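Asker:
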Amino acid sequence: MSGGNADFAKGDGLLPAIVQHARTGEVLMLGYMDEAALRATQEQRFVTFFSRSKQRLWTKGETSGHTLAVVDVRLDCDADTILVRALPAGPTCHNGTSSCFGDDVAPPMAFLAELDALVASRHDERPAGSYTTKLFEEGLRRISQKVGEEGVETALAVVAQDDDALVGEAADLVFHLMVALRARGIGFGAVAAKLAARHKG
């Protein structure tokens, strides 16, 4: 766990634990952990809380199946708040929303991470009937051709000054670029990381 040892004394044995979607950054829920819950979360790799109403350990999804698979756990600077980055299996909230704070709290660009993960799964699983599967099976030359076509169409939409067409063509370009990157074994996150490094440099 990043950040050292949790200071449970500050919270009389319980500390707040924020769960964040590991890919999108969406805040999924808030619960409370005691030492046993934190240990179970780290060892079993599924988010486990101390339920104040049931007065026992409670693993998220133990009845619904909507578990939260742990990616990493870290502490804040005061060691009295826990952040768990996790991947949800289904909706996090019992109301059926992706987050206990509603469906509209994900960062605006978060869908790009979801789409990149979907493209990766299509690359690995190759489900029949999927356009993305078809692209991967047609190979790098065809994928490269599609990136070029969509790039030209995007550029033409810029010149035509048709905003709706530009947004549509840009979406097509980004999607096919994701496919091209994945075909070379590269995730879209590498592009974001390169842009971030250039910005800092």
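Residues in the sequence shown are numbered consecutively from 1095, following my numbering.
Don't be surprised by glycine CBs; every beta carbon is placed ideally from N, CA and C.
Bear in mind the structure is a predicted one, so any value in this text is a computation, not a measurement.
1) With three or more beta-carbon pairs closer than 8 Å as the criterion, would you say the region 1144 to 1152 touches the region 1203 to 1222?
2) List in chain order: all unbroken alpha helix (DSSP H) runs of 4+ residues lying wholly within the region 1250 to 1283.
3) Flag this pair as touching only if the region 1161 to 1168 and the region 1126 to 1144 have three or more C-beta atom pairs under 8 Å; answer yes or no.
4) So, with DSSP's three-state summary, where would you put T1227?
5) Whose C-beta lies closer than 8 Å to the C-beta of D1172 among residues of the same chain, with five residues either side of it excluded?
6) Leaving out five residues before and five after A1207 in sequence, what residues of the same chain have Cβ atoms less than 7 Å from its Cβ?
7) Only counting the same chain, and skipping five residues up and downstream in sequence, which positions put a Cβ closer than 6 Å to that of K1240?
8) Helix, strand or coil: which one does DSSP assign to S1238?
9) To which residues does DSSP link Q1114 through a beta bridge?
10) By how many angstroms is the C-alpha of R1150 removed from the C-alpha of M1272?
11) Is the beta carbon of L1109 less than 8 Å from the beta carbon of T1175?
12) Have a look at A1124 and C1194 and give me their C-alpha separation to the nearest angstrom.
13) Quick check: the Cα distance between A1130 and V1252, rounded to an integer number of angstroms?
14) Quick one: measure Cβ to Cβ for S1096 and D1166, integer angstroms, because I've assumed they're closer than 8 Å.
15) In whole angstroms, give me the CA-to-CA distance for L1234 and G1281.
16) Excluding the five sequence neighbours on either side, which residues of its own chain have a C-beta within less than 7 Å of the C-beta of E1263, listed in chain order?
17) At which residues does the beta strand (DSSP E) containing V1141 begin and terminate?
Answerer: If we stick to the structure as given:
1) no
2) 1257 to 1277
3) yes
4) helix
5) D1101, K1104
6) R1117, T1118
7) H1270
8) helix
9) V1121, R1179
10) 44 Å
11) yes
12) First, the amino acid is wrong: residue 1124 is Leu here, not Ala. Each residue's alpha carbon lies about 8 Å from the other.
13) 57 Å
14) 7 Å
15) 16 Å
16) E1244, E1247, T1248, A1251
17) Premise fails: V1141 is in no beta strand (DSSP E) and is neither H nor E.
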